[in-house]
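Visitor: Take a look at the following structure, please.
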């Protein structure tokens with residue numbers, strides 16, 4: 001089972017430039033997302049796994065932590081060191097942290 005971190009840890013990791021992916025649907029991502037994260041909807045993770053780095057940890061976020069945990073478990077099974085963000089974007093927003101709005105570039 002994948003490891004989990006909280007949003008406070010993610011703040012530091014994001015500042016250090018670690019890769020973060022958001023596995024929610026495009027409409028959820030457009031409503032509010034952690035600045036700078038890459039959108040890869042959960043259903044497309046198997047197709048996109050090869051595009052993720054194998055030489056560093058990838059942090060996975062969703063709305064509350066359930067989908068990110070499933071995605072991180074899958075990524076671990078295919079050789080990507082993945083860690084889920086407990087509480088997800090919901091916890092990020094509740095902490096009053098900055099969000100971006102709009103669709104993926």
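Residue numbers (my numbering): 1 to 105.
By construction, the Cβ of each residue, glycine as well, lies at the ideal position given by its N, Cα and C atoms.
Determine the direct distance from the alpha carbon of residue 86 to that of residue 78, and round the result to whole angstroms.
Guide: Residue 78 and residue 86: Cα-Cα distance of roughly 21 Å.
Visitor: Does DSSP classify residue 40 as helix, strand or coil?
Guide: Coil, per DSSP.
Visitor: Can you name, in chain order, every residue of its own chain whose Cβ lies under 6 Å from the Cβ of residue 38, other than the five neighbours on each side?
Guide: Contacts found: 21.
Visitor: By Cβ distance below 6 Å, which residues in the same chain neighbour residue 73 in space, the five residues on each side in sequence not counted?
Guide: Only 2 meet the Cβ criterion.
Visitor: Is the number of C-beta pairs between the stretch 9 to 28 and the stretch 51 to 62 that are closer than 8 Å three or more?
Guide: Counting Cβ pairs under 8 Å, three or more are found: they touch.
Visitor: Taking the continuous beta strand (DSSP E) assigned at residue 25, which residues delimit it?
Guide: Unbroken run through residue 25: none, as it is neither H nor E.
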